[in-house]
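Written below as structure tokens is the structure these notes are about.
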């Protein structure tokens with residue numbers, strides 16, 4: 001599968017709530033660089049993160065544009081996160097079912113036909129403003 005198709009498959013699985021399919025696209029030694037957080041290494045920690053996110057947030061990504069370099073070992077995606085804050089996350093404002101809409105981007109390193117690094121960025125201050133309104 002080429003780089004763009006791999007990344008599009010990852011985001012399709014995300015939008016459809018198929019976290020096991022997302023995990024299948026990851027390299028065993030995946031590094032997950034979280035926005036303003038610690039690096040999580042390995043599929044097990046990525047799966048834990050997904051479980052937590054599924055419990056606390058319901059998100060759908062729209063306006064997805066995927067980019068890849070010519071050698072197919074790096075890719076990026078730009079999208080809009082359309083979400084609902086379901087359960088209060090530690091250190092964040094209380095959840096009351098607030099909705100939010102954020103531009104975001106993800107960057108990927110690809111190795112052996114799998115995603116070996118995921119780095120996602122979005123504006124935390126904007127998210128906080130939206131869910132605190």
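In the UniProt record's numbering, the protein residues as written are 1 to 133. The beta-carbon is built from N, C-alpha and C at its ideal position, and this holds for glycine as well.
query, result
"What number of angstroms, rounded off, separates the C-alpha of residue 41 from the C-alpha of residue 31?", "5 Å"
"Among all the DSSP beta bridges, which residues are the ones paired with residue 32?", "40 and 118"
"So for residue 70, helix, strand or coil by DSSP?", "coil"
"By DSSP, does residue 3 sit in helix, in strand, or in coil?", "helix"
"Counting only the same chain and skipping the five closest in sequence on each side, list residues whose C-beta sits under 7 Å from that of residue 15.", "60 and 61"
"When the Cβ atoms of the stretch 110-124 are set against those of the stretch 67-78, are three or more pairs found closer than 8 Å?", "yes"
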